[in-house]
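Okay, structure coming up:
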């Protein structure tokens, strides 16, 4: 179904105001609006923009921290529900072979940009740029998820494929920060990761006790995991990734058919579509997260246009060319050695997936801040990552030219 028809259907099936909000979400309007607002504000009045982001609100906490460290934990949690569903029986990544494919593509998506960055920097860069080699390695989960749903449709296996790829290579990006860009003022403290394990243990116990509310999982186990990552000086936004899998429940016979309505939110299911705490968590927070992405764009996209240098274009092309080719080549390689792509994904879908994965704002901005001491170089590198937002339009156009079909 074409995007315009899909948006029309979304709007026609609901009351006018509800249909309007659905269309906004389908086109990622809140996120894009935040990015545009941040760019305009940072270039018109950069001082007031920085004051807005970093003025202490309470207990040393500012707006930037609330969004990037707290709100984004909910986003990653919601994104994690898609990954969990995809690996359940009947999911696009349920088998070991199909789950291995996006992991191999992730390796290509990390190595490809590093190779392209090194080549481009040797051609028209500078030795002082070399520390930025890791900036183009991650994928922006927020942008990639929403763009993938536009390009492929919410029900396409490429969405789950891309989500797993994005989560893993962002995790790799965070490891890179800790290993290659250590902050002498905030070194990694692995001992605090015991709290992450404690959070997982609590979630496991709650699961075994068949607790019928997601609240103690998210605000109990999730809070412990968040504190562990934060105190370990690792990014706490990934905390719920460790907890969300415990919200799933797979019946002993996943092929068993049942027509009964959901009575018990933990165990009831219809056919192979599991009804579980995973759904309840998503129902409560999905729209809050979707609309809240305006604050994510506002918090992260404020970069001055005056800081465009060769480093900007090195980062940009390393992401767009390196990420696309890396995902495509390694995805094909996994297919050749027996780790097949999910059913419904062909070479054209894999190529477009690489294009979508080339977008990066979050972890790339973190790495840029750690890689360079000079603020001008930081901003130049960040601008290169920001320019990858252009991949939204490129991915949609290339997807349509290659005949990628939407799957709702």
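In the numbering used here, the protein residues as written are 4 to 411.
Glycine included, every Cβ here is placed at the ideal spot set by N, Cα and C.
Just so you know, these numbers come straight off a predicted model, no measurement behind them.
Shortest alpha-carbon distance to residue i belongs to which of the options?
i           : options            : result
residue 179 : 205, 188, 135      : 135
residue 111 : 402, 361, 236, 222 : 361
residue 339 : 185, 130, 100, 83  : 100
residue 43  : 326, 311, 301, 312 : 301
residue 159 : 227, 281, 358, 89  : 89
residue 191 : 235, 169, 125      : 235
What did DSSP end up calling residue i once you bin it into helix, strand or coil?
i           : result
residue 61  : strand
residue 42  : helix
residue 298 : helix
residue 128 : coil
residue 320 : helix
residue 396 : helix
residue 293 : helix
residue 346 : coil
residue 329 : helix
residue 217 : coil
residue 261 : Unreliable placement is indicated for residue 261, whose pLDDT of 35 sits below 50; no coordinate value is reported for it.
residue 234 : helix
residue 254 : Residue confidence is low: residue 254 scores 46 on pLDDT, short of 50, so the model does not pin down where it sits. Its coordinate-derived value is still stated next. In this structure, residue 254 counts as coil in the three-state DSSP scheme.
residue 193 : helix
residue 275 : Low local confidence applies: a pLDDT of 37 at residue 275 is under 50, so the model's placement there is unreliable, with the coordinate-based value given in what follows. The answer is coil: DSSP assigns residue 275 none of H, G, I, E or B.
What does a CB cutoff of less than 6 angstroms around residue i pick up in its chain, not counting 5 residues either side in sequence?
i           : result
residue 197 : none
residue 140 : 113, 116, 176
So, residue i versus residue j, is the Cβ gap smaller than 7 angstroms?
i           : j           : result
residue 109 : residue 172 : yes
residue 67  : residue 60  : no
residue 318 : residue 138 : yes
residue 292 : residue 81  : yes
residue 70  : residue 390 : no
residue 105 : residue 167 : yes
residue 364 : residue 72  : no
residue 156 : residue 409 : yes
residue 217 : residue 77  : no
residue 151 : residue 359 : yes
CB-CB under 7 angstroms to residue i, same chain, minus the five flanking residues each way: which ones, in chain order?
i           : result
residue 320 : 119, 123
residue 79  : 144, 240, 241, 243, 244
Excluding the 5 residues preceding and the 5 following residue i in the sequence, name in chain order all residues of the same chain whose CB lies nearer than 8 angstroms to its CB.
i           : result
residue 249 : 203, 206, 207, 209, 210, 220, 224
residue 341 : 100
Using 6 angstroms as the cut-off, classify the Cβ of residue i as near or not near the heavy atoms of the ligand ZN, replying yes or no.
i          : result
residue 79 : The ligand ZN is not among the ligands present in this structure, which contains no ligands whatsoever.
State whether the stretch 366 to 375 contacts the stretch 340 to 355, with contact taken as three or more CB pairs (one from each stretch) at a distance under 8 angstroms.
-> no
Evaluate the contact criterion for the stretch 383 to 394 versus the stretch 157 to 165: three or more CB pairs, one atom per stretch, below 8 angstroms.
-> no
Please confirm if the stretch 223 to 243 is in contact with the stretch 192 to 211, defined as three or more CB-CB distances below 8 angstroms between the two stretches.
-> yes
How do the stretch 298 to 311 and the stretch 330 to 343 stand: do at least 3 beta-carbon pairs fall below 8 angstroms, yes or no?
-> Not touching, per the Cβ criterion.
Mind the definition here: the stretch 395 to 406 touches the stretch 42 to 53 only if three or more C-beta pairs lie below 8 angstroms; say whether that holds.
-> no
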